[in-house]
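Comments concern the structure below.
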Amino acid sequence: PETVLDQRDLIRKVLCDPDPSVMGASLHALFEMTKASPAGNKDLVPSFASILKQITEHRLPRDFDYHRMPAPWLQVKLISILSLLGTADQKASEQMYEI
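So that you can map any letter, position 52 of the sequence shown is 52 in full-length UniProt numbering, and since no number is skipped, the others follow by simple counting.
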């Protein structure tokens with residue numbers, strides 16, 4: 001986790017990469033960062049919610065589908081991150097309502 005925190009800005013930037021594989025890889029590091037310091041990633045709630053919405057709307061390439069389920073592993077990781085960020089935080093939770 002310390003190494004992840006040292007690369008915080010780079011990892012946050014990679015979340016917005018146009019390649020879904022790169023974005024997906026960043027979620028694991030962002031999950032660890034969020035576990036270590038949830039407050040440090042509260043500003044990413046809209047981004048995480050938007051990515052999850054794009055996935056559920058089948059907007060990723062079909063290569064990410066598993067038995068017609070859109071990117072289930074990415075969905076699970078995003079929901080895990082959002083659950084950490086929304087715990088005891090009404091404002092963050094409200095930003096997740098659309099999904």
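We treat Cβ as the ideally placed atom computed from N, Cα and C, and that holds for glycine. Predicted model, so just to flag it, every value in this text is computed and none were measured.
Residues bridged to residue i [DSSP beta-bridge criterion]
i, result
"P70", "D65"
Exposure label - residue i; buried when at least 16 CB within 10 Å
i, result
"Q95", "buried"
"M69", "exposed"
"G40", "exposed"
"T34", "buried"
"A36", "exposed"
"L10", "exposed"
Residue span of the alpha helix (DSSP H) that contains residue i, given as start and end
i, result
"S50", "V45 to T56"
"S37", "Neither: S37 is in no alpha helix (DSSP H) and is coded neither H nor E."
"residue 133", "Residue 133 falls outside the range modelled here, since the chain spans only 1 to 99, and no answer is possible."
"D9", "R8 to V14"
Legend entry - Segment contact flag, the segment 91-99 with the segment 41-57, C-beta cutoff 8 Å, min 3 pairs: At 8 Å Cβ cutoff, the stretches touch.
Inset, instruction - Please determine if the segment 53-62 and the segment 27-38 are in contact, where contact requires at least 3 C-beta pairs separated by less than 8 Å. - result: As far as the Cβ criterion goes, the segment 53-62 does not touch the segment 27-38, which means the pair count is below three.
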